[in-house]
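Scroll down for the structure; my scribbles are underneath it.
In this note's numbering, the protein residues as written are 2 to 352.
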C-alpha cells in the first residue's frame, strides 16, 4: 500500500473511532466497539475488566494502546467536572486537589469546545452543549461550565464532540490515543502478528495495574511489550519529517535494550527516521540550562509504570507518533508521520 493510501486508511479508522466516546473511567462503549471491530476480521477477542485483548493468531510481541480520553463527568448536583481529576479522587480515593496550573491548562485547551453527554454503557448520546468556562472550585475540583446541558444524572460522562480535521499538511483532533488504536487495526489487516491489549484509565495512571492484573496469569513475564501512544513536541518539525519516536527509558524506568533495538532496526528497514526522545530531551535541556531555564522531565509512560510496578518482569519498548498541541482537541500530526508509525509497527512486530 502506498504511503498516501496507508495514511488515508488510518485517518478513516481514526475518525470512526472518534465516534465512540471513551472518557477516562467510562471507556466501555469504545472497548466494546473495538472488540466487535477486531472480531469482524476473524480474530478471537476477550474482554477482561478494563481491557480488550485481541489474539492475532501468530507469535509476536504484546502491543498495548490506551483508549481513554479526556472529558468531563457529572457530579452529584449536576455539576460537570474534569473527569481525569474526579475519577482519581472519587473512584480511587486519592483526594488530591487540582492545581491552579492544571485548571489554567484545561481552560486554555477546552473553552469553546462542543461536548456531548452519553450513556456510559452503550455510548448513546444524551445532550449536546459548549464549554463556556472552566472554574477551579474551593473543593479542588475543576468545573466545566457547559451551556444548555443541565439535569443530567450523577456519573454521566461528557465527551468532546470534535472530529478529525484533515488538510493537505496536517491532521488535527483528539488524537491521543484513538490514532494508535487505528494504526493497530489497519496493521492487523496487513498481517500484524502477536497480541493487542487495549487498556483503560491510562490518563489517570491506572492502566498499568489493569494490564498487570491480567498479564501475570495470562502471559507470564515478557520483555517484548510494545506500547503505542502519541508524544508531544513544541513545534511541527518532527511530524513534518515523518519520524517515529523511540525511548530507552522514561522518568520511571529503563526499557529493554534488545526490544528497543528491534524497533529501531525496523524503522531503518522501513526507511523511517527515528528520534530517541531521551537524547532529544537531553539536548534540549543543555540549551535550557544555558538560558537559565528549568530542565524538562523525561516524562511518564504506560510502559514505565508497567516495568516499575512489575520489578522488570514485564518490559519492552515504546513506539510513538510525534504530535504538537498535545492533550488538546487541536493535537496535530502529519499523514507522513502516521504512515511511518504503521510501517515501523508492522516491521517490528514481524521481526
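A virtual CB, placed ideally from N, CA and C, is assigned to each residue, including glycine.
Please read all numbers here as calculations on a predicted model, not as lab measurements.
query: Skipping 5 residues on each side, what residues in its chain have a beta carbon closer than 7 Å to that of residue 137?; result: 99, 101, 104 and 143
query: How close, in whole Å, do the beta carbons of residue 330 and residue 174 come, if the pair is a contact with beta carbons under 8 Å?; result: 7 Å
query: Are the C-beta atoms of residue 171 and some chain C residue less than 9 Å apart?; result: Judged by its chain identifiers, the structure shown contains no chain C, having just a single protein chain.
query: Label residue 259 either buried or exposed according to how many other C-beta atoms from any shown protein chain fall within 10 Å of its C-beta, with 16 as the threshold for buried.; result: exposed
query: My understanding is that residue 66 touches residue 185, with C-beta atoms under 8 Å, so please give their C-beta distance in whole angstroms.; result: 6 Å
query: Using the C-alpha atoms, what's the distance from residue 274 back to residue 267?; result: 10 Å
query: Output yes or no for whether 9 Å exceeds the beta carbon distance between residue 231 and residue 180.; result: yes
query: Since I believe residue 177 is in contact with residue 328 (beta carbons under 8 Å), could you give me their beta-carbon distance rounded to a whole number of angstroms?; result: 6 Å
query: CA-CA distance, residue 336 and residue 9?; result: 8 Å
query: Helix, strand or coil for residue 223 per DSSP?; result: strand
query: Within 10 Å of its beta-carbon, does residue 133 have 16 or more other beta-carbons around it, so buried, or fewer, so exposed?; result: exposed
query: Quick check: what's the CA-CA separation for residue 279 versus residue 307?; result: 19 Å
query: Identify whether residue 2 lies in helix, strand or coil by the three-state DSSP scheme.; result: coil
query: Three or more beta-carbon pairs under 8 Å between the stretch 242 to 252 and the stretch 286 to 297, yes or no?; result: no
query: Exposed or buried, which one is residue 317 when buried takes at least 16 other CB atoms within 10 Å?; result: buried
query: Using a Cβ-Cβ cut-off of 8 Å (strictly less than) and excluding sequence neighbours within five positions of residue 313, which residues of its own chain qualify?; result: 254
query: Is it a yes or a no for the stretch 73 to 93 touching the stretch 201 to 209, going by three-plus beta-carbon pairs under 8 Å?; result: yes
query: May I have a chain-ordered list of the beta strand (DSSP E) segments no shorter than 3 residues that lie completely inside the stretch 110 to 168?; result: 115 to 119, 126 to 137, 143 to 148 and 158 to 161
query: Rounded to whole angstroms, what's the CA-CA distance from residue 118 to residue 157? Just pull it up for me.; result: 7 Å
query: From what residue to what residue does the beta strand (DSSP E) around residue 277 run?; result: 275 to 277
query: For a test of the three-state rule: what should DSSP assign to residue 346, helix, strand or coil?; result: helix
query: Pull up the distance between the alpha-carbon of residue 199 and that of residue 151, whole angstroms please.; result: 33 Å
query: Runs of 3 residues minimum, wholly inside the stretch 180 to 263: which ones carry the beta strand (DSSP E) assignment?; result: 196 to 200, 223 to 233 and 245 to 247
query: How should residue 113 be labelled, buried or exposed, when 16 other C-beta atoms within 10 angstroms of its C-beta is the threshold for buried?; result: exposed
query: Excluding the five sequence neighbours on either side, which residues of its own chain have a C-beta within less than 7 Å of the C-beta of residue 1, listed in chain order?; result: Nothing about residue 1 can be reported from this structure: the residues present for the chain run from 2 to 352 only.
query: Please report the residue range of the alpha helix (DSSP H) in which residue 39 lies.; result: 29 to 40
query: In its own chain, which residues sit with a C-beta less than 7 Å from the C-beta of residue 261, not counting the 5 before and 5 after it?; result: 247, 249 and 318
query: Could you give the first and the last residue of the continuous alpha helix (DSSP H) run that contains residue 303?; result: 303 to 310
query: Who are residue 62's beta bridge partners in DSSP?; result: Residue 62 is not bridged to any residue.
query: Taking the straight line between their C-alpha atoms, what separation do you get for residue 160 and residue 107?; result: 14 Å
query: Determine contact between the stretch 211 to 223 and the stretch 238 to 245, defined as no fewer than three beta-carbon pairs at a distance below 8 Å.; result: no
query: How would you label residue 41, buried or exposed, when you count the other beta carbons within 10 angstroms and need 16 or more for buried?; result: exposed
query: Going by alpha carbons, who is nearest to residue 348 out of 94, 264 and 109?; result: 264
query: Sort 26, 148, 28 and 55 by Cα distance to residue 39 and report the nearest one.; result: 55
query: Given a cut-off of 9 Å on the beta-carbon distance, is the pair residue 81 and residue 146 in contact?; result: yes
query: Can you tell me which of 24, 43 and 93 puts its alpha carbon nearest to the alpha carbon of residue 75?; result: 24
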